[in-house]
Amino acid sequence: MKDNIYTALRESHDRQRSLCRKLLRSQPHTERRQELFSLLRIELAAHAAAEERFLYAPILMHDAGLDSSRHALHEHHEIDEIIEDMQVVRKTGAGWLAKARKLSEKVHHHLREEEKKFFQVSGKILSETQKARLAAQYRKDFQRMHKALSAE
2 MKDNIYTALR ESHDRQRSLC RKLLRSQPHT ERRQELFSLL RIELAAHAAA
52 EERFLYAPIL MHDAGLDSSR HALHEHHEID EIIEDMQVVR KTGAGWLAKA
102 RKLSEKVHHH LREEEKKFFQ VSGKILSETQ KARLAAQYRK DFQRMHKALS
152 AE
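According to the numbering used here, the sequence shown is numbered sequentially starting from 2.
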């Protein structure tokens, strides 16, 4: 099967789902919880940046994709806000775990909606050539962002 933007995005979506599950199962007062949160935060940020550049932006240029792109961007912003809240709260308390559950729910909702709705809308707008080109651009930018965020 030829690589396309949707295949590339689903790889990150699968990692996000897995990291959310592991984070919620992690034990309080452990380095593993902090490590999982950091991995998830970096995965989400690198993915969102590259996805916004190489899927949302091109779709925003079409009337048929305007509403769905705006909605997806809004959900990315909501996820960012939850992550920010989680960074300032102690990672051992019940409040932090409640925020982690909220994050996981929001991430799962966003991914489900994106895969079931946004991919269909954008798939009708983009040509096969564009889908392949965007996949290469997304993967390159994702790797660059992941590396930069990991170095912070």
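From the three backbone atoms N, C-alpha and C, an ideal C-beta is built for every residue, glycine too.
Cβ neighbours of LYS23 within its own chain (closer than 6 Å, five residues either side excluded): LEU37.
Given a length threshold of 4 residues, each whole run of the alpha helix (DSSP H) inside the segment 40 to 95 is given here in chain order: 58 to 61 and 67 to 89. Sequence-distant partners of ARG11 (beyond 5 residues in either direction) whose C-beta falls short of 8 Å from its own C-beta, in its chain, are GLU116. The segment 121 to 136 and the segment 89 to 102 do not touch, with fewer than three beta-carbon pairs separated by less than 8 Å. When DSSP states are grouped into helix, strand and coil, LEU127 belongs to the coil group. Beyond the five residues adjoining it in sequence on each side, ARG33 comes within less than 8 Å, by CB distance, of SER27 in the same chain, given in chain order. CYS21 and SER151 do not touch by the CB rule: their CB atoms are close to 19 Å apart, not below 8 Å. In the DSSP assignment, SER13 falls within the alpha helix (DSSP H) that extends over 6 to 26. Sequence-distant Cβ neighbours of ALA50 in its own chain, meaning closer than 6 Å and more than five residues away, are MET146. The shortest C-alpha to C-alpha distance from ALA95 to any of GLN144, GLN17, PRO29 and ALA9 is the one to PRO29. Cβ-Cβ separation between ALA149 and ILE6: approximately 21 Å, too far for a contact (criterion under 8 Å). If the five residues before and after GLN17 are omitted, its C-beta is found closer than 8 Å to the C-beta atoms of LEU41, GLU44, LEU45, HIS48, VAL108 and LEU112, all from its own chain and listed in chain order.
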